[in-house]
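J.: Sharing a structure with you now.
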Amino acid sequence: MSLSLSKKALILVAIPLAFEIVFVVSLSALLYSVDNERKRENHAREVSASVNAALTALLDRFSSCVLYHVSDSPSFKKRFETSRYKIRAQIDGLEALVRNHPEEKAAVDKITDLLTVSVENLQRAQGQLELGNKIGAARMWMRADKDIGHLLGAIDEITVYQEKVLAERKAAQAGYRRAVEIILPAGLLLNVLIAIGLAFYFNRGTTRRLNVLLDNTKRLAVDQPLNPPLVGRDEIARLDHTFRDMASALEESRRKEHAVVDNAEDVICSLDRDGRFLAVNPAVARLWGYSDEDLIGDGLDAIVHEDDVKATFKAIDELVGSASGTGSFENRIICQDGRGVDFAWSAHWSKADKTLFCVARDITERKQVDRMKRDFVAMVSHDLRTPLTSIQMVLSLLEAEAYGQLSDSGHENLEAAEANVNRLIGLVNGLLDLEKMESGKLILLRESYKVADILTPSLQAVRGFAEQQGVKLAAPAHGNPEVFADRDRLVQVIINLVSNAIKFSPKGGTVTLAIAEEPDWIRFNIIDEGRGVPEQLREAIFDRFKQVEIDDAKVKGGSGLGLAICKAIVERHGGTIGVDSQEGRGSTFWFRIPRKIQTV
Ligand code: ADP
1 MSLSLSKKAL ILVAIPLAFE IVFVVSLSAL LYSVDNERKR ENHAREVSAS VNAALTALLD
61 RFSSCVLYHV SDSPSFKKRF ETSRYKIRAQ IDGLEALVRN HPEEKAAVDK ITDLLTVSVE
121 NLQRAQGQLE LGNKIGAARM WMRADKDIGH LLGAIDEITV YQEKVLAERK AAQAGYRRAV
181 EIILPAGLLL NVLIAIGLAF YFNRGTTRRL NVLLDNTKRL AVDQPLNPPL VGRDEIARLD
241 HTFRDMASAL EESRRKEHAV VDNAEDVICS LDRDGRFLAV NPAVARLWGY SDEDLIGDGL
301 DAIVHEDDVK ATFKAIDELV GSASGTGSFE NRIICQDGRG VDFAWSAHWS KADKTLFCVA
361 RDITERKQVD RMKRDFVAMV SHDLRTPLTS IQMVLSLLEA EAYGQLSDSG HENLEAAEAN
421 VNRLIGLVNG LLDLEKMESG KLILLRESYK VADILTPSLQ AVRGFAEQQG VKLAAPAHGN
481 PEVFADRDRL VQVIINLVSN AIKFSPKGGT VTLAIAEEPD WIRFNIIDEG RGVPEQLREA
541 IFDRFKQVEI DDAKVKGGSG LGLAICKAIV ERHGGTIGVD SQEGRGSTFW FRIPRKIQTV
């Protein structure tokens, strides 16, 4: 079982540290012993020197006593006196020296006693001389002489002892020196061996294992099988385990992703910046009839209908240049069998990969249905408008009693019939408008207008309706910027949105028409305090006949086409339309129109 990384690090630090401590402690002990030996040696020397000095002073005292007696010179008397202090000082010194050396105390005491006695005897001899008693003095000299003899004997004894001590100390010091000479290189060698051993241990247990991890990351990147799992329970083994889990999760999700891409109903492909195919999924064979080899390396322009190539690459350039890098476009793809098939593309430009990731969906059916719907609407509208207009005319004549008088209930029923016919005519007109716009037949008469030129007629048109509904209208001040648009069409959009806002506002509520200036756009916000639009319907209500509540059109009046017409007009201007809402607290219907001209 391998140790954890923290334990290994502890070993790496603790072992050399323990060794260093042992090494330093033993060296210090050796040095301490050597120092002690040196102190002992010095002590022996000091004792010898002190004894010799005392002996010299005693001999000096002896000789100065004799010489004073012979010459009567006061200088010898002075020497005699001084020597006493010198000897005393040496005796004190000797006593201090042996205070901590009990083994020498007896011998030194003997010497100091003999010194003291000799000093006293010489003092007495000097006293006898001064009294003129030469015989007495001579006796004292002889006694002192005898003492000196004993003293020399005692000094010999201590000298022999000290020499023995010195010899022993020298031998001990030599022993210590040898020990240091061995311990130092041995310690150094051991240190190196420990360092190598630990490095090897760490390398085997850690570095090598870390290298396996590193190698695994490289292998994962190039899709190669990973090294066998690392055994053990340390951090590295755990990391390896987690890495493997991550790699298999990655592999699993890659497998799923491939399965999704391979089995997708739509064409999924990637293109380079120049529109050349980098990768395609198998759907290309089914939908376009081409194989991978036919497409990869070739440009998208080779299979796009020649009329659509320019618009396709313009859309790609725009989405590549946009902040989100995302966009959509439609075109016709010329399939292998020569058919032109409509496709809707959703694409995302990855700046990091310098690749355009695309999904292309076959919209032939949708286009066909749209076309059929449009044809049907056009046909119905045309065929309905004429009879409806004549019915409306007849009803007006009836209402004006051109064909005779009517009863009150006749008038009532006629009014209801007229309202219904008007609604039908509105619906038919709306459908015709929409059809015109969606088929591109609507010509916009665009000019530069001040925003106020658009807002004023719009507000005038809805003021009466707002009063009738008890709803206040607000139009906060704005910078009155210019916008390049078809004024009548924008007025139509605003009237529609404001009328809706009034319709869905509570009595006493306020509808605000606010302008916001954006760098490239002018944004119109129509804010109400009504019931709001549920999140899931915020896109759908811009489709024809889509309502939040099933009978909104009936209860509130309207054709169910207003927002679809607004959307078509705004989009024809190159703008966008949408709604932000908090359910129960109101909605903001907004649309924005480019400030400058845009070709659509
Ligand atoms: P209509 O002409 O019937 O009003 P629109 O296309 O203008 O049709 O509106 C579609 C539906 O959107 C409405 O029937 C209503 O359900 C919803 N709607 C539109 N404006 C608002 C609004 N301001 N607040 C809440 N719902 C709205």
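The working numbering puts the first residue of the sequence shown at 1, with every later residue one more than the last.
Backbone N, C-alpha and C define an ideal beta-carbon position, used for all residues, glycine too.
If you're wondering where the values come from, they're calculated on a predicted model, not measured in any experiment.
Between E435 and R374, which are expected to be in contact by the criterion C-beta below 8 Å, what is the C-beta distance as a whole number of angstroms?
T.: Contact holds; Cβ gap of about 6 Å.
J.: Does the beta-carbon of G586 have 16 or more other beta-carbons within 10 angstroms, so that it is buried, or is it exposed?
T.: Label assigned to G586: buried.
J.: So, does the stretch 396-409 touch the stretch 438-452, judging by three or more C-beta pairs under 8 Å?
T.: Contact fails: fewer than three Cβ-Cβ distances are below 8 Å.
J.: What number of angstroms, rounded off, separates the C-alpha of L190 from the C-alpha of L250?
T.: C-alpha separation (whole angstroms): 50 Å.
J.: Which of helix, strand or coil does DSSP assign to H69?
T.: DSSP places H69 in helix when its eight states are reduced to three.
J.: Only counting the same chain, and skipping five residues up and downstream in sequence, which positions put a Cβ closer than 7 Å to that of N480?
T.: Excluding positions up to five away in sequence, the list reads K450, V451, A452.
J.: Tell me whether C566 sits in a helix, a strand or coil according to DSSP, three-state version.
T.: It is helical.
J.: Below 8 Å on the Cβ atoms is my guess for L490 versus I443; work out the distance and round it to an integer in Å.
T.: Not quite, the Cβ-Cβ distance comes to about 15 Å (not below 8 Å), so this is no contact.
J.: Would you mind giving the Cβ-Cβ distance between N281 and D262, rounded to the nearest angstrom? I have them listed as a contact below 8 Å.
T.: Right, the Cβ-Cβ distance comes to about 6 Å (below 8 Å), so this counts as a contact.
J.: For the 8 Å Cβ check, are there 3 or more pairs between the stretch 114-129 and the stretch 78-90?
T.: Judged by Cβ distances under 8 Å, the stretch 114-129 makes contact with the stretch 78-90, as three or more pairs qualify.
J.: For the alpha helix (DSSP H) that Q582 lies in, which residues bound it at each end?
T.: Looking at the DSSP string, Q582 is not in any alpha helix (DSSP H); the run it does join, the beta strand (DSSP E), is 576-582.
J.: When every heavy atom of ligand 1 is checked, does at least one fall within less than 7 Å of the C-beta of N496?
T.: For ligand 1, at least one heavy atom lies less than 7 Å from the Cβ of N496.
J.: When the Cα of I334 is compared with those of K351, A302, D353, D272, which residue comes out closest?
T.: The option with the nearest alpha carbon to I334 is A302.
J.: Go through its chain and collect everything with a Cβ distance to I91's Cβ below 8 Å, but skip five positions before and after it.
T.: Closer than 8 Å at the Cβ level, and outside the excluded window around I91, lie A54, T112, L115, T116.
J.: Given a threshold of 16 other Cβ atoms within 10 Å of its Cβ, counted over all protein chains shown, does G532 qualify as buried or as exposed?
T.: Per the 10 Å Cβ criterion, buried.
J.: Taking L563 as the reference, give the member of F542, D551, S581 with the closest Cα.
T.: The shortest C-alpha separation from L563 is found at F542.
J.: Within a Cβ cutoff of 7 Å, which residues of the same chain sit near Q598, ignoring the five residues on either side of it in sequence?
T.: Reliability fails at Q598, whose pLDDT of 46 lies under 50, so the model's placement of it is uncertain and no value is given.
J.: Assuming F343 and I363 are in contact, meaning their beta carbons sit under 8 Å apart, how far apart are those beta carbons, in whole angstroms?
T.: Right, the Cβ-Cβ distance comes to about 6 Å (below 8 Å), so this counts as a contact.
J.: Considering only the beta carbon of each residue, do F202 and K7 sit closer than 8 Å?
T.: Their beta carbons are not under 8 Å apart, which means F202 does not touch K7 by this criterion.
J.: DSSP state of W141, grouped into three classes?
T.: Residue state, collapsed to three classes: helix.
J.: I need the DSSP call for N133, collapsed to helix, strand or coil.
T.: In the structure shown, N133 sits in coil (DSSP, three-state: anything other than H, G, I, E or B).
J.: So I602 and V579 are supposed to be a Cβ contact under 8 Å. How far apart are they, rounded?
T.: Any property of residue 602 remains undetermined from this structure, which presents the chain solely from 1 to 600.
J.: CB R169 to CB R40, shorter than 8 Å?
T.: Yes, the Cβ-Cβ distance between R169 and R40 is below 8 Å.
J.: Would you kindly work out how many angstroms separate the C-alpha atoms of F277 and G297, rounded to a whole number?
T.: Approximately 5 Å, taken between the alpha carbons.
J.: Tell me, to the nearest whole angstrom, how far the beta carbon of L165 is from that of A44; I am working on the premise that it is less than 8 Å.
T.: Residue 165 is actually Val in this sequence, not Leu. Going by Cβ atoms, the distance from V165 to A44 rounds to 5 Å, so yes, they are a contact pair.
J.: To the nearest angstrom, how far is the alpha carbon of D60 from that of V34?
T.: One C-alpha to the other measures close to 39 Å.
J.: Under 8 Å Cβ to Cβ from T340, same chain only, skipping five residues before and after it: list those, please.
T.: One point to set straight first is that residue 340 is Gly, not Thr, in the sequence displayed. So the list reads H305, R332, I333, I334, once near-sequence residues are dropped.
J.: Should T206 go down as buried or exposed, given a rule of 16 or more other Cβ atoms within 10 Å for buried?
T.: Buried, because 16 or more other Cβ atoms sit within 10 Å of the Cβ of T206.
J.: My parser needs the beta strand (DSSP E) runs of 3 or more residues fully inside the stretch 150-231; what are they?
T.: Correct list: empty.
J.: Looking only at C-alpha atoms, which of L58, A144, A466 sits nearest to K503?
T.: Among L58, A144, A466, the Cα nearest to that of K503 is on A466.
J.: State yes or no: is the C-beta of R531 nearer than 7 Å to some heavy atom of ligand 1?
T.: For ligand 1, at least one heavy atom lies less than 7 Å from the Cβ of R531.
J.: First and last residue of the alpha helix (DSSP H) that includes N281?
T.: Segment: none, N281 is in no alpha helix (DSSP H) and carries neither H nor E.
J.: Does DSSP classify S324 as helix, strand or coil?
T.: Coil, per DSSP.
J.: Please indicate yes or no: does the CB of D528 lie closer than 7 Å to some heavy atom of ligand 1?
T.: Checking every heavy atom of ligand 1 against the Cβ of D528, one is found closer than 7 Å.
J.: Please confirm whether any heavy atom of ligand 1 lies closer than 7 Å to the CB of A419.
T.: No - ligand 1 has no heavy atom lying nearer than 7 Å to the Cβ of A419.
J.: Are there any heavy atoms of ligand 1 lying less than 7 Å away from the beta-carbon of N422, as far as the coordinates show?
T.: No, Cβ of N422 sits at least 7 Å from all heavy atoms of ligand 1.
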